[in-house]
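S.K.: Numbering (the UniProt record's numbering), first residue to last: 1 to 216.
All C-beta atoms in this analysis are idealised placements derived from N, C-alpha and C, irrespective of residue type, glycine included.
This structure is a prediction, so every number in the text was calculated from the model and none was measured.
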Amino acid sequence: MEQEQAIGAKRVWESVKLYTVKCAKCSKWRLIPTKEKYEEIRERIVERSFLCDTARAWRPSVSCNEESDVKQDDSFLWAMDKPRIPQTPPGWQRILRIRAEGGTKFADVYYVTPSNKRLRSMVELSRYINEHPHLCEGVNISQFSFQPPVPLDEKYIAKRARSTTHDTSSTPAAGFMMLSLDSPERETFNDGLPSRWFVQTTEKMPAEGAVAADDD
DNA sequence: GCCACCGGTGGC
DNA sequence: GCCACCGGTGGC
Numbered sequence: 001m002e003q004e005q006a007i008g009a010k011r012v013w014e015s016v017k018l019y020t021v022k023c024a025k026c027s028k029w030r031l032i033p034t035k036e037k038y039e040e041i042r043e044r045i046v047e048r049s050f051l052c053d054t055a056r057a058w059r060p061s062v063s064c065n066e067e068s069d070v071k072q073d074d075s076f077l078w079a080m081d082k083p084r085i086p087q088t089p090p091g092w093q094r095i096l097r098i099r100a101e102g103g104t105k106f107a108d109v110y111y112v113t114p115s116n117k118r119l120r121s122m123v124e125l126s127r128y129i130n131e132h133p134h135l136c137e138g139v140n141i142s143q144f145s146f147q148p149p150v151p152l153d154e155k156y157i158a159k160r161a162r163s164t165t166h167d168t169s170s171t172p173a174a175g176f177m178m179l180s181l182d183s184p185e186r187e188t189f190n191d192g193l194p195s196r197w198f199v200q201t202t203e204k205m206p207a208e209g210a211v212a213a214d215d216d
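1. Which stretch, first to last residue, makes up the alpha helix (DSSP H) that contains T54?
2. Can you list, in chain order, the residues of its chain with a C-beta nearer than 6 Å to that of D69? Leave out the 5 residues immediately preceding and following it.
3. Starting from V123, follow the alpha helix (DSSP H) in both directions and report where the run begins and ends.
4. Applying the criterion that 16 or more other CB atoms from any shown protein chain within 10 Å of the CB defines a buried residue, is V16 buried or exposed?
5. Helix, strand or coil for K82 per DSSP?
6. Less than 7 Å between the C-beta atoms of I45 and P83, yes or no?
7. Does DSSP classify K22 as helix, strand or coil?
8. Could you please give me the residues that DSSP links to W29 through a beta bridge?
9. Out of A100, Y38, I129, E101, which has the shortest C-alpha to C-alpha gap to W58?
10. Assign K22 to buried or exposed, taking buried as 16 or more other Cβ atoms, counted over all protein chains shown, within 10 Å of its Cβ.
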C-alpha cells in the first residue's frame, strides 16, 4: 500500500497564522490556540456567544479583567470572517490565501482533499465527491463553504482597475495572520458589514520562506 | 510542465 | 453590482 508520502510533498500554505475572537461581554480579543478550535467557535458563534470564560478551557486564568490579547492596530491585516462556516471534515483542510494588496480580490478559500487535491469551487468539490466516494464517506457538500473573509481595511482592495497606475511595490500579503471573531451581538457593523470575524496579518514579509534560513 | 495566483465574466 | 467560477500565465 502506498503511504501518504505524496501528501507531504505538496506544501499548502495557510495565510492565517493567528486566530482571535472577541468576547461578547468585555469586547477584548482572545487568541484561539488552534485553527480547529477556531472553526468550532466560528460555526456556532451565533448560537453560543464567545466569552472570556470560554477561553478558560485552554487558559484557566483568563478573565474579562485581563487586557486584550491583541491590539487592533495596523501592524496586522485584519479581515472579517463569516460565522456559521461549517467545521472542516476530518482529513480535509480549509485553506485561506490572502491575495496581494491592491488587487481585485482579497482572499481565496480552497479545500485540500484527503488525497491532497486542491479544490477551488463547489463545482469542483461536488465533482470530486462524486468521483471519489470511497474517500468521501460521510461527507457532503453542506460541510463546505468557500465564503472568504472581507478585509477590515477596505483600501486593501483596489475597487476596480483604475487608470491610476500606482507603482506600488506590491508586497505579498503573506505574513502572520490573525483571524478573529467579533461578538455576535449586533447584527450590523459600521456600514452594514455582515459579520464580525477578522483576520490579521503582520506587516510586510520579504518573501515566503525567505526569513526562515540564514542561508548556507 | 506544474500550479499558485490573479483577473475576467456570466449569471444572478 | 456582486461574486462564484475558472482560464491564463508567470515563476518556479
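M.R.: The relevant details are as follows:
1. The sequence position of residue 54 within the first sequence is 54, counting from 1. Element bounds for T54: 52-55.
2. Against the first sequence, residue 69 aligns to sequence position 69. For D69, where only same-chain residues beyond five positions count, the Cβ hits under 6 Å are W29, R30, L31.
3. As a position in the first sequence, residue 123 is number 123, starting the count at 1. Segment 122-131, the alpha helix (DSSP H) holding V123.
4. Position 16 of the first sequence, counting from 1, holds the residue named residue 16. By the 10 Å Cβ count, V16 comes out buried.
5. Taking the first sequence and counting its residues from 1, one reaches residue 82 at position 82. Looking at K82 - three-state DSSP - the assignment turns out to be coil, as it is neither helix nor strand.
6. The sequence position of residue 45 within the first sequence is 45, counting from 1. The sequence position of residue 83 within the first sequence is 83, counting from 1. In contact: I45 and P83 (Cβ atoms closer than 7 Å).
7. Start at 1 with the first residue of the first sequence, and residue 22 comes out as number 22. K22 falls in the strand class under three-state DSSP.
8. Counting from one through the first sequence, the residue named residue 29 turns up at place 29. Paired residue(s): K22.
9. Numbered from 1 along the first sequence, position 58 holds the residue referred to as residue 58. Ranking A100, Y38, I129, E101 by Cα distance to W58 puts Y38 first.
10. Indexing the first sequence from 1 puts residue 22 at position 22. Looking at its Cβ environment, which holds 16 or more other Cβ atoms inside 10 Å, K22 is buried.
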